[in-house]
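Residue numbers (our numbering), protein chains in the order written: chain A, 6 to 263; chain F, 981 to 1278.
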């Protein structure tokens, strides 16, 4: 479903501040794969996600999504097959628009826009049903502006928007990092439910080691712009925080988390 | 009593002024509010509309066609500002200043001189009203009907798929891109519409006062912004309908306040200072009362 080959990205190239954020990174996801990316600050995990989303153009290498070369396509063109939940709920949702308008935008992700009304009665009924599954009471506030919601509610909405139509590839960008622990767990539960229901191909970047070890069928650890370690299936299931710390001779588990 | 009489005499004149400037206030609200693109282009596109309409009418073009061309000219002014911002990533205000500065020369070139009197030519009002055309009442009725039609059309448009995409770009460009919306395309479209509204206002004013002048845009941005803010204080901006009505209601109320100030003996040249202070006070109030950012930037 996703095939990234030999991605390289250097920021400030040709200056003394040059920093190689991606150094020959390759990654393949089969349909239904759920890969979790961890790594310290500056390891390149956000750049990897941004490169796949289209926000950051790569210097060399190529990216195929659903057997289509999208390396030269901007984010908005890739959106027909890729959906994304951002770390900051304020960015991932349109605060000045209503809940139902946000869902309508998400339902039309990657489709051509015309002069039809953007929000129909039949769609409202669909959104009502989907919102009710979140258990936050948002289904009775559909015509309210999203800026009135709390961070956790906004992020739950952002997640629902990302999975409203089944994306070929779901990108989760530390999407629970800005939430309090309880809300983070709730949003994570909802994420897993959606991923399992629709067998979504998922790439998740996280700082939460517990989430990283518990969820997904592949763990990818990045260091200095490279993939340092990959564990899949049974090997991943057997991993613990202690074993990772030991393996990489890290002074503390903070180096994995931070 | 003379003050009251002086004010009452001004009411119809001021009302006419309001309904014309309401188009410009709408054209200011769209970039500022719906696109989060603070834009000064109106100071150039408003006189551009007036100058294009006047130049065409003075060369014998039908006033309706002249008005349409004036609107089209404003669309191009808006597109120019958007293109500069998108291509060079310059601050939106600077893009508008560049365009309005360049338009000053273009406006004089369009007319061939700094101003054109239109007293001897048939305006849109003459064409519609015939012999009665100098009566203020029918003129107000015509512009008000046009304003209602445009406001309704905008209300519908911003609820269509395309209109919602424009609002999404204003709400969060990153989110818009992630939903498959081209930020560039919809920024161009939004500023084009805004430019057309501002130039349309200029074309109406030139025909109403039978005179176009290259300096007719001076201050229109701050007056329009004041109208938008007054309207929002009165109506709020909780829904799309209120957001679209605010500039119109605001323009009517704001120009009545101005007219009252004039009736109280204020000199016209004092008004810019007063308007500036008024806008400043409104911005300060909403900042310190914590009612959210009055001006959001990209």
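Yeah, the Cβ is synthetic: ideal placement off N, Cα and C, and Gly gets one too.
Values in this document were obtained by computation on a predicted structure and should not be read as measured data.
DSSP three-state call for residue i: helix, strand or coil?
i                       : result
residue 11 of chain A   : strand
residue 993 of chain F  : helix
residue 60 of chain A   : coil
residue 200 of chain A  : helix
residue 140 of chain A  : coil
residue 38 of chain A   : coil
residue 218 of chain A  : helix
residue 93 of chain A   : coil
residue 55 of chain A   : helix
residue 150 of chain A  : strand
residue 1250 of chain F : helix
residue 98 of chain A   : coil
residue 1153 of chain F : helix
residue 185 of chain A  : coil
residue 31 of chain A   : strand
residue 207 of chain A  : strand
residue 1267 of chain F : helix
residue 1097 of chain F : strand
residue 1211 of chain F : helix
residue 164 of chain A  : helix
residue 1019 of chain F : coil
residue 88 of chain A   : strand
residue 124 of chain A  : coil
residue 984 of chain F  : helix
residue 44 of chain A   : strand
Tell me where the beta strand (DSSP E) around residue i begins and ends.
i                       : result
residue 18 of chain A   : Here residue 18 of chain A belongs to no beta strand (DSSP E), and DSSP marks it neither H nor E.
residue 1106 of chain F : Where residue 1106 of chain F is concerned, there is no enclosing beta strand (DSSP E), although the alpha helix (DSSP H) it sits in stretches over 1104 to 1109.
residue 69 of chain A   : 65 to 70
residue 234 of chain A  : 231 to 237
residue 228 of chain A  : 223 to 228
residue 1066 of chain F : No beta strand (DSSP E) contains residue 1066 of chain F, which is instead part of the alpha helix (DSSP H) from 1043 to 1068.
residue 169 of chain A  : Careful: residue 169 of chain A lies outside any beta strand (DSSP E) and carries neither H nor E.
Short of 6 angstroms in beta carbon distance, which residues of its chain neighbour residue i, apart from the five on each side in sequence? Order them along the chain.
i                       : result
residue 1199 of chain F : 1252
residue 1040 of chain F : none
residue 987 of chain F  : 1240, 1243
residue 1196 of chain F : 1027, 1030
residue 181 of chain A  : 189, 192, 193
residue 1271 of chain F : Note that residue 1271 of chain F has pLDDT 49, beneath the 50 cutoff, so the model's placement of it is unreliable and the number below is only indicative. Nothing listed; no residue qualifies.
residue 1174 of chain F : 1007, 1010, 1011, 1058
residue 132 of chain A  : 105, 108
residue 1005 of chain F : 1204, 1207, 1208, 1227, 1231
Could you name the residues of the same chain whose beta carbon sits closer than 8 angstroms to that of residue i, not counting the 5 residues immediately before and after it, in chain order?
i                       : result
residue 1012 of chain F : 1018, 1019, 1205, 1208, 1275
residue 1077 of chain F : 1020
residue 93 of chain A   : 183
residue 35 of chain A   : 6, 206
residue 1098 of chain F : 1034, 1037, 1038, 1186, 1187, 1190, 1191, 1192
If you follow the alpha helix (DSSP H) that residue i is part of, which residue opens it and which one closes it?
i                       : result
residue 1086 of chain F : 1072 to 1091
residue 1135 of chain F : 1116 to 1137
residue 1241 of chain F : 1220 to 1243
residue 1036 of chain F : 1022 to 1038
residue 1174 of chain F : 1163 to 1189
Which residue wins for smallest C-alpha separation from residue i, given the options the options?
i                       : options                        : result
residue 117 of chain A  : F:1148, F:1161, F:1050, F:1053 : F:1161
residue 40 of chain A   : A:185, A:171, A:7              : A:7
residue 994 of chain F  : F:1014, F:1185, F:1085, F:1148 : F:1185
residue 135 of chain A  : A:199, A:68, A:220             : A:199
residue 76 of chain A   : A:55, A:88, A:90               : A:55
residue 1180 of chain F : F:990, F:1045, F:992, F:989    : F:1045
residue 1001 of chain F : F:1085, F:1215, F:1235         : F:1235
residue 126 of chain A  : A:85, A:240, A:147, A:99       : A:147
residue 1014 of chain F : A:91, A:98, A:97, A:102        : A:102
residue 173 of chain A  : A:160, A:140, A:152, A:83      : A:83
residue 1225 of chain F : F:1080, F:1073, F:1053, F:1132 : F:1132
Quick one: residues in its chain with C-beta nearer than 7 angstroms to the C-beta of residue i, no 5 flanking neighbours on either side, listed in chain order?
i                      : result
residue 226 of chain A : 43, 44, 233, 234
residue 999 of chain F : 1120, 1123, 1124, 1127
Where the stretch 1143 to 1158 of chain F meets chain A: residues whose CB sits under 8 angstroms from a CB there: 1143, 1144, 1145, 1147, 1148, 1150, 1151, 1152, 1154, 1155, 1156, 1157, 1158
Taking Cβ-Cβ distances below 9 angstroms as the criterion, which residues of the stretch 117 to 130 of chain A are in contact with chain F? 117, 118, 119, 120, 121, 122, 123, 124
Looking at chain A, which residues of the stretch 1160 to 1181 of chain F have a Cβ within less than 8 angstroms of any of its Cβ atoms? Of all residues in the stretch 1160 to 1181 of chain F, 1160, 1161, 1162, 1163 have a Cβ within less than 8 angstroms of some Cβ in chain A.
Going along the stretch 1054 to 1074 of chain F in order, which residues come within less than 8 angstroms of chain A, judged by CB to CB distance? none
May I ask you to list, following chain order, the residues of the stretch 178 to 205 of chain A that have a beta carbon less than 8 angstroms from some beta carbon of chain F? none
Which of the residues in the stretch 1111 to 1139 of chain F, read from start to end, lie with their CB under 7 angstroms from any CB of chain A? 1139
Using a Cβ-Cβ cutoff of 8 angstroms, what residues of the stretch 95 to 120 of chain A are near chain F? List them in chain order. 95, 96, 97, 98, 99, 100, 101, 102, 106, 109, 110, 111, 113, 114, 115, 116, 118, 119, 120
For the stretch 146 to 165 of chain A, list every residue whose C-beta sits within 7 angstroms of some C-beta in chain F, in sequence order. none
Please list, in chain order, the residues of the stretch 1015 to 1046 of chain F that have any C-beta partner in chain A closer than 8 angstroms. So nothing in the stretch comes that close.
Anything in the stretch 27 to 41 of chain A with a Cβ closer than 7 angstroms to a Cβ of chain F? List those residues in chain order, please. none
Using a Cβ cut-off of 9 angstroms, which residues of the stretch 61 to 89 of chain A contact any Cβ in chain F, in chain order? Taking 9 angstroms as the Cβ-Cβ cut-off against chain F, the residues of the stretch 61 to 89 of chain A that qualify are 79, 80, 81, 82, 83, 84, 85, 87, 88, 89.
Relative to chain A, which residues along the stretch 1207 to 1228 of chain F have a C-beta separation below 8 angstroms, given in chain order? 1218
Cβ-based contacts, 7 angstroms cut-off: residues of the stretch 6 to 28 of chain A near chain F: none
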